[in-house]
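Working notes, structure below.
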């Protein structure tokens, strides 16, 4: 099946710094990708829709200036957490529609810890 | 997107069938029912989906009621590796594959 790869799988950063997370579709092209955030023992919360060649669409309550999304090619979307704070520590997951019409595939997730 | 309701947790003995229910009474006529699962600290894994008819694949079976207000995911012979949080969700066939997730059911398969 289609593969979506995230990098890094884990990252620890200091407060105030920025962290970039990459999401790649390895064997298919994705004009749209989705970014989710998951806090411990909670469900996945959709943050934004990444659109290749245009601006991302953010869900209500998600700060677009803090969570910068770039979808520069048909196989790569990046999420940059700017000026990270400890409350941004979370599990970030991306997904992309696969080759078949009805499936979405998820990356393995990135565990971000801000200290 | 349909609002879904699932029990927060369930237990199942290894080798037995696990039947996970989901209520999606607000599902619209063109929304598919999807099931995903998430093993701890991993991304969600697609299991199965359906619109009206029951479906079966190598992982599971999906039973959708005639009124489409609920469905049941069946793992016919649960193993310890099936321990995970199981999510059901709805998605319109015409949408851009955006999925929203409820709280899911934590299935624990016991030896």
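Residue numbers (the working numbering), protein chains in the order written: chain D, 62 to 176; chain G, 1001 to 1111. No residue lacks a Cβ here, since even glycine has one placed at the ideal position from N, Cα and C. Computed from a predicted structure; not experimentally measured.
Rounded separation between residue 108(D) and residue 1042(G) - CA only: Looking up residue 108(D) in the first chain gives position 47. Looking up residue 1042(G) in the second chain gives position 42. Going by the C-alpha atoms only, they are around 18 angstroms apart.
Under 9 angstroms by beta carbon: chain G residues contacting residue 164(D): Working through the first chain from its first residue, we reach residue 164(D) at position 103. 1034, 1046, 1049 and 1097, listed in chain order.
Interface positions of the segment 82-96 of chain D facing chain G (Cβ-Cβ less than 7 angstroms), listed along the chain: 93 and 95
Chain G contacts made by the segment 141-155 of chain D, where a contact means CB separation under 9 angstroms: 152, 154 and 155
Same chain only: Cβ atoms within 7 angstroms of residue 75(D), ignoring 5 sequence neighbours per side: Residue 75(D) sits at position 14 when you count from the first residue of the first chain. Correct list, in chain order: 176.
Residue interval of the beta strand (DSSP E) (run including residue 1101(G)): Looking up residue 1101(G) in the second chain gives position 101. Unbroken run through residue 1101(G): none, as it is neither H nor E.
Residues bridged to residue 1023(G) (per DSSP): Start at 1 with the first residue of the second chain, and residue 1023(G) comes out as number 23. Paired residue(s): 1005(G) and 1070(G).
Between the CA atoms of residue 1091(G) and residue 1100(G) - distance to the nearest angstrom: Numbered from its first residue, the second chain carries residue 1100(G) at position 100. Numbered from its first residue, the second chain carries residue 1091(G) at position 91. One C-alpha to the other measures close to 8 angstroms.
Spatial distance of residue 174(D) from residue 98(D) (CA atoms): Numbered from its first residue, the first chain carries residue 174(D) at position 113. Numbered from its first residue, the first chain carries residue 98(D) at position 37. So the alpha carbons of these two residues sit roughly 13 angstroms apart.
Whether residue 157(D) touches residue 145(D) by CB criterion (8 angstroms): Position 96 of the first chain, counted from the start, is the residue given in the question as residue 157(D). Position 84 of the first chain, counted from the start, is the residue given in the question as residue 145(D). Cβ distance not < 8 angstroms, so residue 157(D) and residue 145(D) don't count as in contact.
From 1026(G), 1029(G), 1016(G) and 1044(G), residue whose alpha carbon lies closest to that of residue 1104(G): Along the second chain, read from residue 1 onward, the residue named residue 1104(G) stands at position 104. Ranking 1026(G), 1029(G), 1016(G) and 1044(G) by Cα distance to residue 1104(G) puts 1044(G) first.
Interface residues of the segment 1053-1075 of chain G facing chain D [CB-CB below 9 angstroms]: none
Helix, strand or coil at residue 1080(G) [DSSP, three-state]: Here the question's residue 1080(G) lines up with position 80 in the second chain. The answer is helix: DSSP assigns residue 1080(G) an H, G or I state.
Simplified DSSP assignment, three categories, for residue 147(D): Numbered from its first residue, the first chain carries residue 147(D) at position 86. Residue 147(D): helix per DSSP, three-state reduction.
Which listed residue (147(D), 113(D) and 79(D)) has its alpha carbon closest to that of residue 95(D): By one-based count along the first chain, residue 95(D) stands at place 34. The option with the nearest alpha carbon to residue 95(D) is 113(D).
Host beta strand (DSSP E) of residue 1048(G) (start-end): For the purposes of this step, residue 1048(G) is taken as residue 48 along the second chain, with counting starting at 1. 1045-1050 is the span of the beta strand (DSSP E), which, as asked, contains residue 1048(G).
Inter-residue spacing [alpha-carbon to alpha-carbon] between residue 1073(G) and residue 115(D): Counting from 1 along the second chain, the entry for residue 1073(G) is found at position 73. Counting from 1 along the first chain, the entry for residue 115(D) is found at position 54. For residue 1073(G) and residue 115(D), the distance between alpha carbons rounds to 38 angstroms.
Residues bridged to residue 124(D) [DSSP beta-bridge criterion]: Residue numbering aside, residue 124(D) sits at position 63 when the first chain is read from its first letter. Per DSSP, none; premise fails for residue 124(D).
CB contact below 8 angstroms: residue 77(D) versus chain G: Position 16 of the first chain, counting from 1, holds the residue named residue 77(D). No, its Cβ sits nowhere closer than 8 angstroms to a Cβ of chain G.
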